[in-house]
Amino acid sequence: MVSMIIKVLKNLLSKPFTSKYPKEKAKVSVNFRGAIHVDQENCIACRLCEVNCPTGAIVVDTKKNYAVVDRSLCILCGMCAEVCPVNVIWFSNDYENAEKKKKDFRKQLPGPNPRPGKRS
């Protein structure tokens, strides 16, 4: 009984274990895979990202020269970025991707966006 009281007092006086999200944003690692971005200006519409996507989340329209991603299907595996011959696909540090409607998960890939860091 005494040891339990000591534990309770220690926990009352220590810092909380949980973070204060959403007031305080979490720090993400360098290899974090958030929202997919593509540099549309340099995309050559080769469709390698579409062909290699294991879930079929990416569809490339070669006539209009843009890609559409269905984020409800995307498993953030990184195959699209890995096979891109011109390195125009990358993942941002954005982890707040919740949507209220399923149709909002299917979006045209955003255009140029500052990359979070250098990629190798």
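My numbering puts the first residue of the sequence shown at 69, with every later residue one more than the last.
The beta carbon of each residue, even a glycine, is placed where N, CA and C say it ideally should be.
Item                                                                                                                                             : Value
Opposite Phe159 in the DSSP bridges: which residues?                                                                                             : Ile104
Quick test of your reading: Ala149 and Ile157, contact by CB under 8 Å. State the CB separation rounded to the nearest angstrom.                 : 4 Å
Between the alpha carbons of Cys152 and Tyr163, how many angstroms are there, rounded?                                                           : 23 Å
Which residue marks the beginning of the beta strand (DSSP E) containing Ala135, and which one marks its end?                                    : Tyr134 to Asp138
Please report the residue range of the alpha helix (DSSP H) in which Ile74 lies.                                                                 : Val70 to Leu81
Under three-state DSSP, which class holds Val127?                                                                                                : strand
Could you have a look at Val98 and say whether DSSP puts it in helix, strand or coil?                                                            : coil
Can you have a look at Ile126 and say buried or exposed, based on whether 16 or more other CB atoms are within 10 angstroms of its CB?           : buried
Using only the alpha-carbon positions, how far apart do Leu80 and Lys95 sit?                                                                     : 26 Å
Give the DSSP-derived three-state secondary structure of Val119 in the structure shown.                                                          : helix
Excluding five sequence neighbours on each side, which residues of the same chain lie with their C-beta closer than 7 Å to the C-beta of Asn120? : Met147, Cys148 and Val151
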